[in-house]
Amino acid sequence: MNFNPRTDEAYQLLHDGILALSRMEQQGIRVDVDYIESKKAHLTRKIERLENQFKDSDFFKHWQKSVKGEINFYSNPQLSNYLYKIKKVKVFKETMSGQGSTDKETLTQLNIPELDDLLKIRNLKKLRDTYLESYLREQVNGYIHPFFNLHLVVTYRSSSSNPNLQNVPKRDEESMQICRGAIYPRPEHQLLEVDFKSIEVSINACYNKDSTLIKYVSNPKSDMHADMAKEIFALDEFQKDCHNVLRQAAKNGFVFPEFYGDYYGNCAENMACGWGKLPQSIWKKGEGVEIGSFIPLFLSDHLISKGITSFNKFTNHVKKIEQDFWENRFPEYAAWKERWWSLYKKYGYIDLLTGFRCQGVMSKNEVINTPAQGTAFHCLLWCIIEIDKIMLKERWDTKIISQVHDSVIFDVNPGELDHVVKVVRKICCEELRKAWKWIIVPLDVEMELSPVDKSWVEKEKINA
DNA sequence: GGAACTCGCCAC
DNA sequence: AAACGTGGCGAGTTCC
């Protein structure tokens, strides 16, 4: 696929963007080298303990006996061979090339306790070797200088490398603590993270102009994910405090996958798997009703009482919700998808609202997803450029240090915090919309701040 | 002995 | 009828 700026403005965005990002790279991000070294040693001890425990197990001994030569239990091909060829375990999921999978989901499902140890070791090695080790390797005088590229991603987003600062663990609490605990502001400074609120959905609304979607992203009191959770889990009322976990399931298991082009079958399965994590207080386990042929899941009394008594029935239920989602809730969005796809098929390219043309061979999902991804990032890039200009002109001690597609991270001088927050909010929520009139919905940002001299782990939401 | 591939897994 | 978008990176493995 090839991409071209079609306007001077589009060219200028990348030109200015590269300069702003390069200043950010030069600035760098402080890491605590002593912390990383001691954490690394700690992880190594933990890994060794688990390795020894694993090597002591009957599982390992049988595996070792069944093949010639030394086995490497970190090798997925070797593990796959042992599980599926020697032990004749039924294949639950295949990889892209048709081999029996050895990913986390599959190994967990096999219910072999030793494999849980192996998964734990994998997790700890990932933290040590991918994150901590790369910070140590890349740091110079306690600062890392990740690259931020504008020329590598097909959808016109950015990428980051050496080290990649766009995939630092966040969702898993323990992994988050270990990795983000290495990242600090400069002495006597604070880390400030500014996040565009659901900007991809907002930008989608600018393309498809769906009236319901516009209402959802324009009204802070409306809540699309809660509304979908009510439908999916057959709730009459949505109680924020006790149903938040269901809102997350609806958001990550249905709404986003549907927007990305997934279908009800995968969505139903996604959400069914998420149920394992639900608190008992909300979902009492049913009478051991097994859902589907291989997922050992239990339905709650609640769903059973609503007549959803099996995985198949749940899938059917989600199928109806999907139909309603596109036919009745977001019909204009659905129509836009078809129009947009037809235009691509006719001309062989798509034009983004930011003045870029994307042409080449694309699948339907790619054609439909590219505009929101690329354009949303362009919004962030425009803001970074403007903030960078003001930062230079006003000689801020505060610096921009990182960026993750829809958020930007500052290393802030506390004396400048109030001013920085005011400027950032003005650029992101007001100036951007004045510059790009095609943004027909309000944009909002959320901010998180770490205390002075504390790591990235300590950040907390602020009302600013 | 290095390039290129597969697989798994972290982020948005 | 078919069915999830974009990256980077480490480890193991195979190709040349």
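Just so you know, we're using my numbering here: the first sequence kicks off at 92 and counts up by one.
Beta carbons: idealized from backbone N, C-alpha and C, even for Gly.
This structure is a prediction, so every number in the text was calculated from the model and none was measured.
Among the options, which residue has its Cα nearest to the Cα of residue i?
i      : options                        : result
Thr246 : Ser454, Glu549, Trp529, Lys490 : Ser454
Glu522 : Glu429, Ile476, Glu549, Phe150 : Ile476
Asn403 : Trp473, Lys342, Ala363         : Ala363
Phe151 : Asn357, Lys178, Ala132, Ser129 : Lys178
Arg248 : Arg516, Gln494, Trp529, Glu537 : Gln494
Cys520 : Ser309, Ala320, His334, Leu174 : Ser309
Ile274 : Ile459, Gly119, Ala555, Glu161 : Gly119
Arg114 : Leu508, Asp535, Lys490, Arg121 : Lys490
Thr135 : Asp220, Ala359, Asn95, Thr461  : Asp220
Glu264 : Val548, Asp207, Gln200         : Val548
Asn456 : Arg448, Trp473, Tyr435         : Tyr435
Glu291 : Phe350, Glu284, Lys312, Tyr234 : Phe350
Leu110 : Leu241, Asp149, Asn143, Ser166 : Leu241
Asp207 : Tyr298, Tyr102, Gly398, Ser148 : Ser148
Ile441 : Arg486, Leu223, Tyr298         : Tyr298
Lys550 : Gln117, Ile138, Leu282, Pro204 : Leu282
Tyr165 : Ile138, Lys528, Gln190, Phe183 : Ile138
Glu322 : Leu170, Trp529, Gln414, Gln190 : Gln414
Lys306 : Gln117, Arg420, Thr406         : Arg420
Leu227 : Arg121, Pro204, Ser541         : Arg121
Trp180 : Met187, Leu170, Ser188, Thr186 : The question names Trp, but residue 180 is Val in the sequence shown. Answer by Cα proximity: Leu170.
His469 : Arg524, Lys545, Gln144, Tyr222 : Arg524
Gln200 : Leu218, Lys217, Leu174, Ser225 : Leu174
Ala317 : Cys474, Val244, Arg338         : Arg338
Pro533 : Val543, Val512, Lys288, Phe501 : Lys288
Asp125 : Ala340, Pro348, Gly233         : Gly233
According to DSSP, is residue i helix, strand or coil?
i      : result
Asn143 : helix
Val244 : coil
Arg277 : coil
Val259 : coil
Tyr126 : helix
Pro96  : strand
Glu328 : coil
Ile553 : strand
Val571 : Shown here, the chain extends from 92 to 555; a query on residue 571 therefore has no answer.
Tyr351 : helix
Ser250 : strand
Asp314 : coil
Asp286 : strand
Within 7 Å: the Cβ of residue i and any heavy atom of the ligand ADP?
i      : result
Phe402 : Ligands in the displayed structure: none, and consequently the ligand ADP is not present.
With 16 as the cutoff for other CB atoms within 10 Å, does residue i come out buried or exposed?
i      : result
Arg140 : exposed
Phe554 : The sequence shown places Asn at residue 554, rather than the Phe named in the question. Exposed: under 16 other Cβ atoms inside 10 Å.
His153 : exposed
Met613 : Lying before the first or after the last residue shown, residue 613 is absent from the chain, which here runs from 92 to 555.
Glu328 : exposed
Cys358 : buried
Val231 : exposed
Glu279 : exposed
Ile235 : buried
Pro370 : Caution applies to Pro370, whose pLDDT of 45 falls short of 50 and renders its modelled position unreliable; the model cannot decide the point.
Glu185 : exposed
Trp529 : exposed
Trp374 : With a pLDDT of only 46 at Trp374, under 50, the local geometry of the prediction cannot be trusted, and the value read off the model is given with reservation. Answer is buried; the Cβ neighbour count reaches 16.
Met187 : exposed
His106 : exposed
| message | So within the region 457 to 542, which uninterrupted beta strand (DSSP E) runs reach at least 3 residues, ignoring any that extend past its ends? | response | Runs found: 490 to 494, 498 to 503, 536 to 540.
| said: At 4 residues or longer, what runs of the alpha helix (DSSP H) sit wholly inside the region 149 to 232? | reply: Within the region 149 to 232, the complete alpha helix (DSSP H) runs of at least 4 residues are 149 to 157, 167 to 171, 195 to 200, 204 to 217, 224 to 229.
| message | For the structure I just gave you, are there three or more beta carbon pairs, one from the region 200 to 214 and one from the region 420 to 433, closer than 8 Å? | response | Taking a contact to require three or more Cβ pairs closer than 8 Å, the region 200 to 214 and the region 420 to 433 do not qualify as touching.
| For the region 122 to 132 against the region 192 to 210, are there 3 or more C-beta pairs whose distance is under 8 Å? | These segments do not touch.
| said: As an exercise, report each continuous alpha helix (DSSP H) stretch of at least 4 residues that is fully enclosed by the region 381 to 457, in chain order. | reply: If one requires a minimum length of 4 residues, the alpha helix (DSSP H) runs lying completely within the region 381 to 457 are 392 to 396, 402 to 415, 422 to 438, in chain order.
| With contact counted as at least three CB pairs below 8 Å, one residue from each stretch, are the region 438 to 448 and the region 477 to 487 in contact? | Not touching, per the Cβ criterion.
| Can at least three beta-carbon pairs, one atom from the region 502 to 511 and one from the region 253 to 262, be found at a separation below 8 Å? | With the cut-off at 8 Å, the region 502 to 511 and the region 253 to 262 do not touch.
| query | Taking one C-beta from the region 153 to 162 and one from the region 266 to 281 each time, how about it: are there three or more such pairs within less than 8 Å? | reply | Contact fails: fewer than three Cβ-Cβ distances are below 8 Å.
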